[in-house]
Amino acid sequence: MEIPKPTEADRERFTGLVPAAPDVQVKPMFGNLGAFVHGNMFMGLFGVDIGIKLLDADRQELLEVRGSGPFGPQERPMSGYVTLPADWPADQAQSWIDRSLAYVAALPAKRPKEAKPRTKR
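So the sequence shown is numbered by the working numbering: it starts at 15 and just counts up by one.
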């Protein structure tokens with residue numbers, strides 16, 4: 015599976031859409047970016063695609079919009095995420111991103127994984 019790399023313009027578009035909300039962090043993920051709240055990803059960048067995590071009903075509603083679709087690798091899209099239409103202006107995308115943030119912020123916080131002790135070789 016080949017992971018597409020975003021351009022600098024893709025990264026700027028993504029970070030420009032990430033809400034400036036408390037507890038929101040942007041982190042690199044496999045050469046792409048993810049936006050997290052309480053340790054849970056609510057928004058991701060995969061090449062040129064921006065995907066958001068939504069409740070089932072919201073996800074179905076967005077999937078009916080032309081230009082939306084599964085998010086992530088074609089062979090194994092990420093469950094619960096939908097790609098936003100690429101031609102949407104920021105204000106149109108923002109209402110969906112806000113829904114995603116509200117949904118994921120209400121989920122239980124993820125606990126950081128404990129570091130495994132390193133073994134000498």
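The beta-carbon is built from N, C-alpha and C at its ideal position, and this holds for glycine as well.
Spatial distance of residue 124 from residue 101 (CA atoms): 33 Å
Segment contact flag, the region 22-40 with the region 75-95, C-beta cutoff 8 Å, min 3 pairs: no
Residue 111 burial status per 10 Å Cβ neighbour count (16 or more: buried): Its Cβ being crowded by 16 or more others within 10 Å, residue 111 is buried.
Straight-line gap, residue 26 to residue 64 (C-alpha atoms, nearest Å): 12 Å
Separation of residue 53 from residue 130, as counted between CA atoms: 19 Å
Given residue 57 as reference, the closest of 45, 41 and 122 once Cα atoms are compared: 41
For residue 24, three-class secondary structure by DSSP: helix
Rounded separation between residue 73 and residue 107 - CA only: 14 Å
Residue 70, DSSP secondary structure in three states: helix
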